[in-house]
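If you want our numbering, it's the position in the sequence shown, counting the first as 1, plus 1. Just so it is clear, CB atoms sit at the ideal spot from N, CA and C, and this is done for glycine as well.
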Amino acid sequence: MHFFKKISESKSFDLHKGVKVKVLTTSNDESMTAIQLEIEPGSLMPTHKHFEEQFGFIKEGKLRMWIGDEEETLETGDFYYVPPDKEHGSSTVGDKKCVKIDVFYPRRKDYLEMIEKREQL
Numbered sequence: 002m003h004f005f006k007k008i009s010e011s012k013s014f015d016l017h018k019g020v021k022v023k024v025l026t027t028s029n030d031e032s033m034t035a036i037q038l039e040i041e042p043g044s045l046m047p048t049h050k051h052f053e054e055q056f057g058f059i060k061e062g063k064l065r066m067w068i069g070d071e072e073e074t075l076e077t078g079d080f081y082y083v084p085p086d087k088e089h090g091s092s093t094v095g096d097k098k099c100v101k102i103d104v105f106y107p108r109r110k111d112y113l114e115m116i117e118k119r120e121q122l
């Protein structure tokens, strides 16, 4: 099934303090989840892991990212890949927010559930 999605119509939630997530894919998409994250200056995505593969693209700003034992500073236009069950995390660099796009395979059911819970409030 194909679809078009306007980012202005995407639903969002706060993942952590200073980290807002917009879910770009629909709940009908069984294969993957695409999200946009807006990460405020000084914010941290704590080290974590998940069973989904993750591919990301830095749309705006700078991000210090660690995957396993490796660290890299990523800037606008850079991308990265995180294998399943690999510990990773990130923090913003500088005084500007970072905006990035992440795609997960298979889909992140937990993100879709967070959106559904917010709609029920």
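Check                                                                                : Outcome
Where Met-33 sits in the DSSP three-state scheme                                     : coil
Contact set for Ser-11: own chain, Cβ-Cβ below 8 Å, skip 5 residues either direction : Lys-23, Val-24, Leu-25, Gln-37
Inter-residue spacing [alpha-carbon to alpha-carbon] between His-49 and His-3        : 31 Å
Reduced DSSP category for Ser-13 - H, G, I as helix; E, B as strand; rest coil       : strand
Cα-Cα separation between Ile-8 and Tyr-112, rounded to whole angstroms               : 16 Å
Backbone secondary structure at Asp-103 - three-state DSSP                           : strand
Closest by C-alpha distance to Gln-55, when choosing among Asp-70, His-89, Arg-65    : His-89
Separation of Leu-75 from Pro-107, as counted between CA atoms                       : 25 Å
Rounded Cβ spacing between Ser-19 and Glu-41 (contact assumed at less than 8 Å)      : According to the sequence shown, residue 19 is Gly rather than Ser. Contact flag correct, Cβ pair sits at about 4 Å.
As assigned by DSSP and simplified to three states, the class of Thr-54              : First, the amino acid is wrong: residue 54 is Glu here, not Thr. Looking at Glu-54 - three-state DSSP - the assignment turns out to be strand.
Nearest neighbour of Asp-96, chosen from Asp-79, Gly-62, His-51, Tyr-81 [CA to CA]   : Gly-62
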